[in-house]
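Asks:
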Amino acid sequence: MSGAGASAGAGLRADRVSRRADGRLILDGVALAPETGSTVGVLGPNGSGKSTLLRLLAGLLAPSSGVVTLDGTPLAELPRRTVARRLAVVEQQSDTQVELTVEDVVRLGRVPHRRAWTPPSADDERAVRAALEHTGLADRAGRLWHTLSGGERQRVQIARALAQEPRELLLDEPTNHLDIHHQLDLLALVTALPVTTVVALHDLNLAAMYCDRVVVLCAGRVVAAGPAGDVLTAELIAEVYGVRAAVSREGPEGRPHVRFLGTLN
Amino acid sequence: MTAREQELPAAGPGRRAGLALGLAGAVALVASLAVAITIGPADLGVADVWSVVAAHLGFGGSGLTPIRDGIVWQLRLPRTLLAAVCGAGLAVCGAVMQSLLRNPLADPFVLGVSSGASTGAVLVVVLGVGGGALPVSAGAFLGALLSFALVLLLSHTLGGTTDRVVLAGVAAMQLFSALTSFVVMTSADAETTRGVLFWLLGSLGGAGWTDVWLCLAVLAVALVVCLSYARTLDAFAFGQEAAAALGVSVARTRLVLLCVTALLTAALVSSAGAIGFVGLVLPHAARALTGPGHTRLLPVTALAGAVFLVWVDTLARTVLDPQEVPVGVVTSLIGVPAFVAVLYRTRRVR
Numbered sequence: 001m002s003g004a005g006a007s008a009g010a011g012l013r014a015d016r017v018s019r020r021a022d023g024r025l026i027l028d029g030v031a032l033a034p035e036t037g038s039t040v041g042v043l044g045p046n047g048s049g050k051s052t053l054l055r056l057l058a059g060l061l062a063p064s065s066g067v068v069t070l071d072g073t074p075l076a077e078l079p080r081r082t083v084a085r086r087l088a089v090v091e092q093q094s095d096t097q098v099e100l101t102v103e104d105v106v107r108l109g110r111v112p113h114r115r116a117w118t119p120p121s122a123d124d125e126r127a128v129r130a131a132l133e134h135t136g137l138a139d140r141a142g143r144l145w146h147t148l149s150g151g152e153r154q155r156v157q158i159a160r161a162l163a164q165e166p167r168e169l170l171l172d173e174p175t176n177h178l179d180i181h182h183q184l185d186l187l188a189l190v191t192a193l194p195v196t197t198v199v200a201l202h203d204l205n206l207a208a209m210y211c212d213r214v215v216v217l218c219a220g221r222v223v224a225a226g227p228a229g230d231v232l233t234a235e236l237i238a239e240v241y242g243v244r245a246a247v248s249r250e251g252p253e254g255r256p257h258v259r260f261l262g263t264l265n
Numbered sequence: 001m002t003a004r005e006q007e008l009p010a011a012g013p014g015r016r017a018g019l020a021l022g023l024a025g026a027v028a029l030v031a032s033l034a035v036a037i038t039i040g041p042a043d044l045g046v047a048d049v050w051s052v053v054a055a056h057l058g059f060g061g062s063g064l065t066p067i068r069d070g071i072v073w074q075l076r077l078p079r080t081l082l083a084a085v086c087g088a089g090l091a092v093c094g095a096v097m098q099s100l101l102r103n104p105l106a107d108p109f110v111l112g113v114s115s116g117a118s119t120g121a122v123l124v125v126v127l128g129v130g131g132g133a134l135p136v137s138a139g140a141f142l143g144a145l146l147s148f149a150l151v152l153l154l155s156h157t158l159g160g161t162t163d164r165v166v167l168a169g170v171a172a173m174q175l176f177s178a179l180t181s182f183v184v185m186t187s188a189d190a191e192t193t194r195g196v197l198f199w200l201l202g203s204l205g206g207a208g209w210t211d212v213w214l215c216l217a218v219l220a221v222a223l224v225v226c227l228s229y230a231r232t233l234d235a236f237a238f239g240q241e242a243a244a245a246l247g248v249s250v251a252r253t254r255l256v257l258l259c260v261t262a263l264l265t266a267a268l269v270s271s272a273g274a275i276g277f278v279g280l281v282l283p284h285a286a287r288a289l290t291g292p293g294h295t296r297l298l299p300v301t302a303l304a305g306a307v308f309l310v311w312v313d314t315l316a317r318t319v320l321d322p323q324e325v326p327v328g329v330v331t332s333l334i335g336v337p338a339f340v341a342v343l344y345r346t347r348r349v350r
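As they're listed, the protein sequences go chains A and B. If you read the first sequence in the working numbering, its first letter stands for residue 1, the second for the next number, and so on. If you read the second sequence in the working numbering, its first letter stands for residue 1, the second for the next number, and so on.
#1: As a quick exercise: from A:Gly-23, A:Thr-52, A:Glu-125 and A:Thr-175, pick the residue whose alpha carbon is nearest that of A:Leu-217.
#2: With H, G and I counted as helix, E and B as strand and the rest as coil, what does DSSP make of A:Arg-13?
#3: Tell me whether A:Tyr-210 is buried or exposed, calling it buried when 16 or more other Cβ atoms sit within 10 Å of its Cβ.
#4: Rounded to a whole number of angstroms, what is the C-alpha to C-alpha distance between A:Glu-125 and A:Thr-101?
#5: Which residues bound the beta strand (DSSP E) around B:Gly-60?
#6: By the criterion of Cβ-Cβ separation under 9 Å, what are the contact partners of A:Arg-114 in chain B?
#7: Take B:Leu-127 and list the residues in its own chain whose beta-carbon comes closer than 7 Å to its own, dropping the five residues that flank it on each side.
#8: Regarding B:Ala-83 and the ligand COA, is the C-beta to nearest heavy atom distance less than 8 Å?
#9: Mind reading off the beta-carbon distance from B:Ile-39 to B:Thr-318? Whole number of angstroms is fine, and I expect it under 8 Å.
#10: Could you say if the stretch 188 to 202 of chain B and the stretch 105 to 123 of chain B meet the contact criterion of at least three C-beta pairs nearer than 8 Å?
#11: List the residues that DSSP assigns as beta-bridge partners of A:Gly-41.
#12: Would you mind reading off the limits of the beta strand (DSSP E) that contains A:Ser-65?
#13: Tell me which same chain residues have a C-beta within less than 6 Å of the C-beta of B:Pro-78, skipping the five on either side of it?
#14: Measuring alpha carbon to alpha carbon, tell me which residue in B:Ala-88, B:Ala-34, B:Ala-242 and B:Asp-163 is nearest A:Ile-158.
#15: Our contact map puts B:Gly-112 next to B:Phe-176 with C-beta atoms below 8 Å; I'd like the distance itself, whole angstroms only.
#16: Along chain A, in chain order, which residues have C-beta atoms closer than 9 Å to that of B:Ala-216?
#17: What in chain B is Cβ-close to A:Thr-96, meaning under 7 Å?
#18: For A:Ala-131, which option in A:Ser-121, A:Gln-164, A:Pro-119 and A:Glu-91 has the closest C-alpha, if you only look at C-alpha atoms?
#19: Against chain B, which members of the stretch 52 to 77 of chain A pass a CB distance test of less than 9 Å?
#20: Between the C-alpha atoms of B:Leu-320 and B:Pro-326, what's the straight-line distance to the nearest angstrom?
#21: Between A:Val-231 and A:Pro-45, how many whole angstroms is the CB-CB distance? I'm expecting something under 8 Å.
#22: Using the three-state DSSP reduction, which class does B:Asp-43 fall into: helix, strand or coil?
#23: Pull up the distance between the alpha-carbon of A:Leu-75 and that of A:Val-111, whole angstroms please.
#24: Just the Cα atoms here: how many angstroms apart are A:Val-223 and A:Ser-48?
#25: On the DSSP letters alone, give me the boundaries of the beta strand (DSSP E) that B:Gly-225 sits inside.
#26: If we cut at 9 Å on Cβ distances, does A:Ala-6 have a partner in chain B?
#27: Taking C-beta to C-beta, are B:Pro-41 and B:Pro-322 nearer than 9 Å?
#28: Looking at C-alpha atoms only, which residue of A:Thr-263, A:Arg-167, A:Leu-206 and A:Thr-196 is the closest neighbour of A:Leu-186?
#29: Would B:Gly-61 pass as an interface residue toward chain A - the criterion being a Cβ-Cβ separation below 9 Å?
#30: If you compare alpha carbons, which of A:Leu-189, A:Pro-63, A:Glu-168 and A:Leu-108 is closest to A:Glu-133?
#31: Quick one: complete alpha helix (DSSP H) runs, 4+ long, within the stretch 132 to 175 of chain B?
#32: Taking Cβ positions only, does A:Ala-225 come closer than 9 Å to chain B?
#33: Are the C-beta atoms of B:Pro-326 and some chain D residue less than 9 Å apart?
#34: Cβ atoms of A:Ser-94 and A:Thr-197: under 9 Å apart, would you say?
#35: Is A:Arg-86 buried or exposed, if buried means 16 or more other CB atoms sit within 10 Å of its CB?
#36: Cutting at 6 Å between CB atoms, please list the residues of its own chain near B:Ala-169, excluding the five before and the five after it.
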């Protein structure tokens with residue numbers, strides 16, 4: 001944890017982070033250093049530690065050992081507000097009992113930028129407009145949150161995250177409850193953003209299509225990392241998921257495509 | 001691009017509407033106070049009442065007898081003002097609790113503050129704790145703080161999450177209600193029981209200037225604190241973790257707001273008893289007017305609560321004249337239909 005971390009510490013990095021809860025090791029020495037502007041997919045079966053890793057990266061959980069740094073400074077040493085101006089989080093699913101419009105939700109993204117007692121600045125307004133337009137929600141700004149479909153809700157949360165004007169975006173299985181059209185739509189939107197993105201995904205083919213690199217977790221450890229084409233092999237899928245699969249190169253731009261053949265027992 | 005930006009409203013839709021709403025509320029409050037003090041069983045004209053107030057504020061003499069002067073200045077005015085302060089305070093506490101605990105059923109008493117206050121008051125009234133030197137309100141205040149401390153300790157021990165806070169509050173409420181009932185049943189005579197019951201249901205009958213100033217001071221401080229957390233409360237809409245991801249220090253925010261609202265509730269309950277329903281219903285009614293943003297919601301809730309309780313108390317002290325109805329009973333009798341109406345109007349059309 002000496003010189004190397006400090007000199008090459010640009011952006012968000014996890015340095016051998018572990019997380020222990022109730023005496024059980026959930027994450028075990030995971031390192032992650034996404035390249036600026038790239039999209040990194042975090043893969044792995046249920047309970048492999050994907051969500052925990054994302055929450056550690058967001059500073060919502062503290063690592064039991066190791067450190068998460070933002071431009072070389074440990075997250076724990078930064079005020080929460082400062083972190084929230086740099087780094088936005090979109091959760092698997094979010095809901096509220098408050099009657100909020102789309103614009104109200106997007107405006108929440110300005111909370112870390114605003115001071116008490118002052119009205120929103122021109123910057124706040126610009127960021128909210130830009131986020132609504134970027135996500136194609138400008139015409140739905142007045143719609144009520146609870147009238148939106150699951151896909152629209154996730155889109156609104158991404159708009160909210162954009163209004164934070166982050167340089168790092170963390171998404172925890174954002175496509176979980178969406179139909180295939182909205183899954184592709186959302187990931188295309190996210191990967192086109194000029195931010196560094198870390199996204200936990202269940203679907204290996206989506207990861208292969210949209211991620212520059214993938215990290216595969218199994219029982220809290222990184223078992224493989226690299227470009228999807230190198231990582232997603234039939235052997236790895238058998239080892240990590242216990243599933244027989246055939247991997248071809250039929251995806252877009254020659255990316256891997258996984259066809260599942262059955263479970264291994 | 002610049003031309004387009006200028007077309008956009010400066011601060012979201014209806015910033016001016018929000019100001020107008022606040023102004024209307026303030027005017028309504030002043031008007032309500034001015035009219036409410038002219039209403040009462042004593043035969044006093046509107047001009048007489050206002051001349052008493054003017055005289056005490058240093059504008060000439062009222063020319064009324066000291067008794068009639070006293071009815072206005074020592075009875076009606078402090079009582080009406082305390083109604084306004086209690087209404088505002090309870091409503092704001094309710095609004096903050098509902099947002100902070102993400103529970104539309106939360107009210108100022110959810111942390112057991114009122115039950116603790118009742119126990120404290122009953123111990124003083126029935127058992128004579130303090131040997132007569134301790135006023136009822138002081139006993140109530142100590143009881144309220146004790147109960148709140150217990151809830152904080154309990155919720156922290158149980159894990160400190162939002163639902164644990166609510167559960168700890170419910171536990172404390174049950175415990176102190178049982179204690180109160182036990183003391184009343186075993187030790188009080190019929191007359192004392194009636195007095196205690198009146199206090200438990202909430203009454204502004206004993207209001208004096210000391211109560212008014214004390215509660216007003218606490219209310220002012222609490223309002224400033226809550227308003228400075230207005231934006232932070234907005235961030236709780238999608239839960240604690242979402243708030244944390246938006247840069248909110250969740251633990252500190254919760255501790256500060258719970259303590260401030262508990263202190264305010266304790267002060268109000270000590271002076272006027274546990275006036276129910278205001279803190280539950282008025283925030284919902286105000287939200288229907290302002291939308292969910294707390295910068296606007298909190299001031300409007302305060303004004304709405306103040307106006308509401310001024311009129312409800314006026315009703316409570318006049319409707320069965322000369323007998324007085326506990327104001328807490330009237331708030332619920334009026335509040336329940338109002339609550340249903342608000343919920344019906346804002347029901348979700350799926």
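Note that beta-carbon positions come from the ideal geometry of N, C-alpha and C, so glycine has one too.
Replies: A quick look at the data gives this:
#1: A:Thr-52
#2: strand
#3: buried
#4: 16 Å
#5: Here B:Gly-60 belongs to no beta strand (DSSP E), and DSSP marks it neither H nor E.
#6: Arg-231
#7: Val-183 and Ser-187
#8: Judged by which ligands are present, the structure shown has none, so any question about the ligand COA falls away.
#9: 6 Å
#10: yes
#11: A:Val-199 and A:Val-214
#12: 65 to 70
#13: Ala-207, Gly-208, Trp-209 and Val-212
#14: B:Ala-242
#15: 6 Å
#16: Looking at the sequence itself, residue 216 of chain B is Leu, so the reference to Ala does not match. Those do not exist, as B:Leu-216 stays about 22 Å from chain A at its closest Cβ, beyond 9 Å.
#17: Ala-237 and Phe-238
#18: A:Gln-164
#19: Arg-55, Ala-58, Gly-59 and Leu-60
#20: 11 Å
#21: Rounded, the Cβ-Cβ distance is 15 Å, inconsistent with contact.
#22: coil
#23: 19 Å
#24: 11 Å
#25: The displayed chain sequence assigns Val, not Gly, to residue 225 of chain B. Counting along the chain, B:Val-225 falls outside any beta strand (DSSP E), though it belongs to the alpha helix (DSSP H) covering 209 to 228.
#26: Interpretation of A:Ala-6 is limited by its pLDDT of 40, a score under 50 that renders its predicted location unreliable; the figure taken from the coordinates is listed afterwards. Chain B contact via Cβ: absent.
#27: yes
#28: A:Leu-206
#29: no
#30: A:Leu-189
#31: 136 to 157
#32: no
#33: The structure shown contains no chain D; the protein chains it does contain are A and B.
#34: no
#35: buried
#36: One point to set straight first is that residue 169 of chain B is Gly, not Ala, in the sequence displayed. Answer for B:Gly-169: Val-110, Leu-111, Gly-112 and Val-151, listed in chain order.
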